[in-house]
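Participant: If you count the sequence shown from 1, position 58 lands on 91 in this note's numbering, and the numbers rise without skipping.
Encoded as structure tokens, here's the structure I'll be asking about.
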Amino acid sequence: MILPQDGHDNGATPQQQQQQLHFLQSINSNVVIRQLPSEGLSFQLWPAATILITLLDNTRSGESTPFSELFKRQERGDSLPLRILELGSGTGVVGLAAAAILGAKVTVTDLPHVLPNIQFNVDANSKVLAQQCGGVDVVALSWGDNQHMEAVGRDYDLILGSDVVYHDHLYDPLIETLRFFLLGGGKKIAFVMAHLKRWKKESVFFKRAKKLFDVQIIHTEPPPDGSRIGVVVYLFTGKR
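This is the structure:
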């Protein structure tokens, strides 16, 4: 697929851009993503995102995955598409894949300066989204910002995140954001987070989160060659 050259190019030169294809076996289609590594962390692909995409793809293919139970809603004959919110979307790859694989309506969110590249990637994948009846909205969401959170709303079936626990000054804003979406409405919503541990300090986030949420490990990926740890997928729900 050729990436469109439109107004959402961030002024990037070909040398600064990296294109990556993700083949989605369950729908026999590719999702193409533009990375801009020179722009910062939010413009790059990270290992946890790939794991979430693989689990979603395997679920659509009929394999038993951690998502299988969460998606039983569709099996009951509910004809409405799943509504999914992604936090800290970065390049938007997880949200795009979820929309294409599940035919879902996905809201991808990140800081305002990240959104043009996400929109670029949404536009680049418009054909596969249309073929699968998926949709992606790109919306600004600074964690802990009440105005942003109210604008995004709470009408979702599932929240996704990958590699969103990194800077320790963002632990509390992320927890406040999860409090808003998981505990603030009458509907029970789950947050599925794929995470690759990098620093010991990350335990602080989980300790704080467990005061508000039930947190359980639902998938552990074997470490890749040359590494001692693999991606772990967590399920966050409101305490019973």
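Just so you know, even glycine gets a beta-carbon here, dropped at the ideal spot from N, CA and C.
So, for Pro256: in the same chain, excluding its five sequence neighbours on each side, which residues have a beta-carbon less than 6 Å away from its beta-carbon?
Facilitator: Ile262 and Gly263
Participant: Is it buried or exposed, Gln165, if we count other Cβ atoms within 10 angstroms and call 16 or more buried?
Facilitator: buried
Participant: Only counting the same chain, and skipping five residues up and downstream in sequence, which positions put a Cβ closer than 7 Å to that of Ser94?
Facilitator: Same-chain partners within the cutoff: Gln58 and Ser59.
Participant: Taking the beta carbon of Arg273 as the centre, do at least 16 other beta carbons fall within 10 Å, making it buried, or is it exposed?
Facilitator: exposed
Participant: I believe Val169 touches Val155 by the beta-carbon criterion, under 8 Å. Please report the beta-carbon distance rounded to the nearest angstrom.
Facilitator: 5 Å
Participant: When DSSP labels each residue in this structure, what does Asn61 get in the three-state scheme?
Facilitator: coil
Participant: Quick check on the burial criterion: 16 or more other C-beta atoms within 10 angstroms. Buried or exposed for Ala131?
Facilitator: A buried status is given to Ala131, since no fewer than 16 other beta-carbon atoms sit within 10 Å of its beta-carbon.
Participant: Assign Gly259 to buried or exposed, taking buried as 16 or more other Cβ atoms, counted over all protein chains shown, within 10 Å of its Cβ.
Facilitator: Flag for Gly259 reads exposed.
Participant: On the DSSP bridge list, what partners appear for Ser195?
Facilitator: Ala227
Participant: Any idea what DSSP makes of Gln53, helix, strand or coil?
Facilitator: strand
Participant: Just the Cα atoms here: how many angstroms apart are Leu85 and Val127?
Facilitator: Spanning the two alpha carbons is a distance of roughly 7 Å.
Participant: Please list, in chain order, all residues of the same chain as Gly121 whose beta carbon is under 7 Å from its beta carbon, the five residues on each side excluded.
Facilitator: Taken in chain order, the residues that qualify are Asp143, Gly194 and Val197.
Participant: Does DSSP put Val161 in a helix, in a strand, or in coil?
Facilitator: helix
Participant: Name the one or two DSSP bridge partners that Phe246 has.
Facilitator: Gly271
Participant: Residues in the same chain with beta-carbon distance under 8 Å from Gln52, minus the five sequence neighbours each way, listed in chain order, please.
Facilitator: Leu36, Val65, Ile66, Arg67 and Gln68.
Participant: Taking three-plus beta-carbon pairs below 8 Å as touching, is the region 180-193 in contact with the region 68-77?
Facilitator: no
Participant: From Gly219, Ile251, Gln152 and Ala137, pick the residue whose C-alpha is nearest to that of Leu113; which is it?
Facilitator: The shortest C-alpha to C-alpha distance from Leu113 to any of Gly219, Ile251, Gln152 and Ala137 is the one to Ala137.
Participant: Which first and last residues belong to the beta strand (DSSP E) in which Arg187 is found?
Facilitator: Where Arg187 is concerned, there is no enclosing beta strand (DSSP E), given that its DSSP letter is neither H nor E.
Participant: Leu129 to Ala81, Cα distance in whole Å?
Facilitator: 15 Å
Participant: Please confirm whether Glu209 and Trp232 have their CB atoms less than 8 Å apart.
Facilitator: no
Participant: In angstroms, rounded to a whole number, what distance separates the CA positions of Gly123 and Ile251?
Facilitator: 23 Å
Participant: Kindly indicate the opening and closing residues of the beta strand (DSSP E) around Asp170.
Facilitator: Gly168 to Ala173
Participant: Pick helix, strand or coil for Val139, following the three-state DSSP scheme.
Facilitator: strand
Participant: Which residues mark the beginning and the end of the alpha helix (DSSP H) in which Ile262 is found?
Facilitator: No alpha helix (DSSP H) holds Ile262; DSSP gives it neither H nor E.
Participant: With DSSP collapsed to three states, give me the class of His252.
Facilitator: strand
Participant: Give every residue of the same chain whose Cβ lies closer than 8 Å to the Cβ of Leu162, excluding the five residues on either side of it in the sequence, and list them in chain order.
Facilitator: Only Leu129, Ala132, Ala133, Val155, Gly168 and Val169 meet the Cβ criterion.
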